[in-house]
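If you count the sequence shown from 1, you need to add 15 to reach our numbering. Cβ atoms here follow ideal geometry from the backbone N, Cα and C, with glycine treated the same way. This structure is a prediction, so every number in the text was calculated from the model and none was measured. Worksheet for the structure shown next.
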Amino acid sequence: MSCSLSLLSLPEDLLVHVLGHCDVGDLFACKQVCRRLEQLTTHDVYLQYKIELAVNGMVDVPSPSGEAGMPVVERLGKLREHRERLRTGTFADSGFAHSWQQWPRVESMPTDGWETHLAFGSSISYVVVKPPQREISVCAPPVLGLGLPGGADSEARMRCWSVPLGVFPEGEVVAASVDIAQDLLLVVQPAVEMCGHVMVHLRSLEGPCGPHPQAAQPILLTGDPEQLSSGLPIRRAVMSHIQIHENLVAWIYSAPTTYCWICDIEVWDWKAGRLLWRRQFGYEVSFTLLDSRHIVVTGPITNYLYVYDFLKTPEPADRSSDNESQHILLLKLPPSEREPHIQESSIPAPPSSSVPFWTDPALRIVVVAFSSTRAALLIPYNTIAALIRTRQPALKECIPWDNWGPQGTLLLHLTGKQYPALWMTRHCYPYGSRVALMYFEEESYFEGDAIIYDLNPWAARYARCSPHAASKDALYGALADLRVAFRTNGAVLPHAVFHGPCMSPGFAQAPPILAMDQGGFTAAFTRKIFPSRFLGSISYHA
16 MSCSLSLLSL PEDLLVHVLG HCDVGDLFAC KQVCRRLEQL TTHDVYLQYK
66 IELAVNGMVD VPSPSGEAGM PVVERLGKLR EHRERLRTGT FADSGFAHSW
116 QQWPRVESMP TDGWETHLAF GSSISYVVVK PPQREISVCA PPVLGLGLPG
166 GADSEARMRC WSVPLGVFPE GEVVAASVDI AQDLLLVVQP AVEMCGHVMV
216 HLRSLEGPCG PHPQAAQPIL LTGDPEQLSS GLPIRRAVMS HIQIHENLVA
266 WIYSAPTTYC WICDIEVWDW KAGRLLWRRQ FGYEVSFTLL DSRHIVVTGP
316 ITNYLYVYDF LKTPEPADRS SDNESQHILL LKLPPSEREP HIQESSIPAP
366 PSSSVPFWTD PALRIVVVAF SSTRAALLIP YNTIAALIRT RQPALKECIP
416 WDNWGPQGTL LLHLTGKQYP ALWMTRHCYP YGSRVALMYF EEESYFEGDA
466 IIYDLNPWAA RYARCSPHAA SKDALYGALA DLRVAFRTNG AVLPHAVFHG
516 PCMSPGFAQA PPILAMDQGG FTAAFTRKIF PSRFLGSISY HA
């Protein structure tokens with residue numbers, strides 16, 4: 016039987032139901048087909064919410080079974096408000112409640128021996144180990160759309176935890192990290208009776224006195240300093256670059272010897288208490304987890320990205336063997352840049368089911384900073400994932416830069432005229448599709464602007480229709496076209512650029528680390544760049 020009914024002849028409620036199963040690209044196409052589809056797409060709140068999620072780089076978080084959750088109309092309103100604040104550079108900040116003065120010395124708050132860490136879990140948090148106060152302080156950025164009492168001011172407040180050091184009596188705390196979504200606290204201490212080894216405590220952030228309920232073992236013991244140092248004089252083993260994703264935790268266990276820096280990258284299943292993968296490198300390296308089975312590694316003395324499958328590649332009997340040969344993908348970096356460093360990153364996951372929406376993990380990016388040229392390479396995860404899917408397993412030849420980079424990445428670099436200006440790439444950390452950079456002019460370390468790059472293609476499409484408005488308090492409003500300044504105006508990869516707030520840390524304060532989050536970014540002041548007058552963090556929330 017032939018059917019003469021067309022899509023447009025369906026009742027409106029059925030037509031909206033059909034459109035609800037379309038992806039965002041199809042919805043945009045439908046708006047251009049005819050006036051009726053354009054009106055339906057424009058006026059139906061569920062279709063508008065779906066489009067607004069895509070433009071903001073978010074995904075919906077379903078409410079728990081049996082709970083009503085936030086109405087879609089309210090969710091849509093919060094997303095639109097966030098998009099407009101980002102477009103106009105309107106940010107609220109959390110103030111100085113979580114920043115502590117180092118000098119002049121405050122007798123009531125000594126900062127001797129404080130250690131600061133960025134924690135890369137499902138989101139980026141800020142951890143300060145405070146031996147004089149006998150506590151570990153954890154701060155996390157605000158959550159966009161949580162709907163706390165008190166309106167926008169309450170939503171801009173940071174979330175805080177305090178963990179007493181007394182629950183870790185074994186000695187010095189050398190590193191700490193958290194994953195708020197899993198209520199996971201990692202605390203690293205030297206193994207007192209095993210020189211050079213370290214213990215990683217797996218605790219609950221909300222109840223740190225006991226082990227995490229999902230951990231099969233309360234402590235992970237790692238480290239082999241004799242093999243790591245190959246018999247060379249070893250000063251002290253160091254654990255750094257801790258990253259957590261679901262049941263995985265990865266870190267660098269390194270031993271700076273008298274003659275070189277030797278690193279082990281380890282990936283553990285913290286829930287099962289099992290080492291999944293370990294590789295040794297004879298030089299300093301950096302890495303980030305790509306997903307639940309892949310990791311990408313580079314180092315300042317190489318000009319490649321090495322991608323490993325840590326679930327497929329067995330651990331070699333001899334860790335000092337040629338580990339680069341175990342990669343599944345080898346990507347050449349741009350030949351004009353040197354000293355690459357992969358910025359640690361988080362794979363987004365909501366902190367709880369009570370949030371209405373969260374950053375889309377499928378849009379996440381990898382940032383490679385080039386220290387020698389003050390450049391940065393922004394790589395969408397999907398670019399690397401596509402190369403992994405299409406690779407030929409039998410071939411391990413390098414993929415030249417021209418065959419993957421210009422089409423699938425975004426290279427930021429100041430023009431020759433503006434090159435003397437200082438801008439920080441080594442201390443910016445992405446979240447989802449966005450990354451925030453500090454831009455300074457005339458070599459000023461004290462005042463600058465936050466510049467936000469967004470590689471979400473839907474954000475880029477919307478930005479073309481709704482021009483960006485510079486922040487009212489931006490210092491360098493004359494920097495009208497950021498794409499020209501950073502030489503991305505001719506890039507193939509779609510992207511949007513936003514002019515964020517003015518950053519004025521104050522006299523003798525070093526430039527901050529900028530860590531992106533779901534609703535904005537956090538400026539973290541540490542000793543890692545230059546000696547700082549303050550330690551702590553300030554969240555900027557759009």
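Would residue i pass as an interface residue toward chain B - the criterion being a Cβ-Cβ separation below 9 Å?
i	result
Arg174	The structure shown contains no chain B, having only a single protein chain.
For residue i, which residues in the same chain have their Cβ closer than 7 Å to its Cβ, ignoring the five residues on either side in sequence?
i	result
Leu200	Val178, Val193, Arg218, Ser219, Leu220 and Pro223
Glu150	Ser177, Val178, Pro179 and Leu180
Phe501	Leu427, His428 and Leu429
Pro8	Examination of residue 8 is not possible in this model, given that the chain is present from 16 through 557 alone.
Have a look at residue i and residue j and give me their C-alpha separation to the nearest angstrom.
i	j	result
Ile66	Tyr555	25 Å
Ala400	Pro146	43 Å
Ser336	Gln295	At Ser336 the pLDDT is 49, less than 50, meaning the model places this residue with poor confidence and gives no usable figure here.
Leu263	Ala377	18 Å
Val12	Val76	Because the chain in this structure spans residues 16 to 557, residue 12 falls outside the shown range and cannot be described.
Pro516	Ser114	19 Å
Asp127	Gln148	10 Å
His260	Leu344	22 Å
Glu185	Val312	33 Å
Asp28	Tyr61	12 Å
Ile267	Cys37	43 Å
Leu30	Ala474	26 Å
Leu94	Ala390	32 Å
Val182	Pro119	31 Å
Cys45	Thr57	11 Å
Cys175	Lys286	25 Å
Pro526	Leu550	12 Å
Ser552	Pro408	45 Å
Gln197	Ala206	26 Å
Asp375	Ser137	12 Å
His256	Gln54	50 Å
Ala107	Gly535	9 Å
Leu68	Ala270	45 Å
Phe229	Leu348	Rather than Phe, the amino acid found at residue 229 in this sequence is Gln. Cα-Cα distance, rounded: 40 Å.
Arg90	Val300	42 Å
Val381	Ser24	46 Å
Ile528	Leu52	46 Å
Ile394	Pro363	16 Å
Leu490	Asp496	Low local confidence applies: a pLDDT of 46 at Leu490 is under 50, so the model's placement there is unreliable, with the coordinate-based value given in what follows. Taking the straight line joining both Cα atoms gives about 14 Å.
Ser386	Ser21	59 Å
Arg406	Pro415	13 Å
Tyr319	Glu82	49 Å
Ala539	Val143	11 Å
Leu133	Ile139	7 Å
Ala188	His227	The sequence given here places Val at residue 188; Ala does not occur at that position. If I take the Cα positions, the gap works out to 18 Å.
Arg548	Ser152	19 Å
Leaving out the 5 sequence neighbours to the left and right, which residues in its chain are closer than 6 Å to residue i when beta-carbon positions are compared?
i	result
Phe522	Caution is warranted here: a pLDDT of 49 is assigned to Phe522, below 50, making its placement in the model unreliable, and no coordinate value can be reported.
Met531	Pro445, Tyr446, Arg449, Val450 and Ala451
Glu99	none
Pro315	Glu354
Asp284	Asn262 and Leu291
Tyr396	Arg379
Cys278	Ile267, Ser269, Phe296 and Val300
Pro26	none
Thr537	Pro156, Ala530, Ser552 and Ser554
Name the DSSP beta bridge partners of residue i, please?
i	result
Ala69	Looking at the DSSP assignment, Ala69 forms no beta bridge with any residue, so it has no partner.
Lys145	Glu150
Ser552	Ala539
Thr103	DSSP, once it has assigned bridges, lists no residue as partnering Thr103.
Glu130	Val144
Ile528	Ala539
Asp324	His309
Asp108	Tyr555
Cys517	Asp464
Can you round the beta-carbon distance between residue i and residue j to whole angstroms, since I take them to be within the 8 Å contact cut?
i	j	result
Leu161	His97	Their Cβ separation, rounded to whole angstroms, is 12 Å, which puts Leu161 and His97 out of contact at 8 Å.
Cys154	Met173	5 Å
Phe372	Leu101	Incorrect: roughly 15 Å between the Cβ atoms, too far for contact.
Leu470	Leu425	6 Å
Glu281	Arg293	5 Å
Keeping to the same chain, check which residues put their C-beta closer than 8 Å to that of residue i; ignore five residues upstream and five downstream.
i	result
Gly35	Tyr61, Leu62 and Lys65
Asp59	Val31 and Leu34
Within the present structure, is the beta-carbon of residue i separated from the nearest heavy atom of the ligand NAD by less than 8 Å?
i	result
His212	For the ligand NAD, the structure offers nothing, since it holds no ligand at all.
message = Quick check for students: name the residue ranges of the beta strand (DSSP E) that lie wholly in the region 252-290, counting only runs of 3 or more.
response = 253-260, 263-271 and 276-284
Ordered list of beta strand (DSSP E) runs contained in the region 339-375, each at least 3 residues = 344-347, 355-357 and 372-374
query = Mind pulling the beta strand (DSSP E) runs of 3 or more residues that sit fully within the region 396-478?
reply = If we require 3 residues or more, the beta strand (DSSP E) runs fully inside the region 396-478 come out as 425-427, 449-454 and 463-469.
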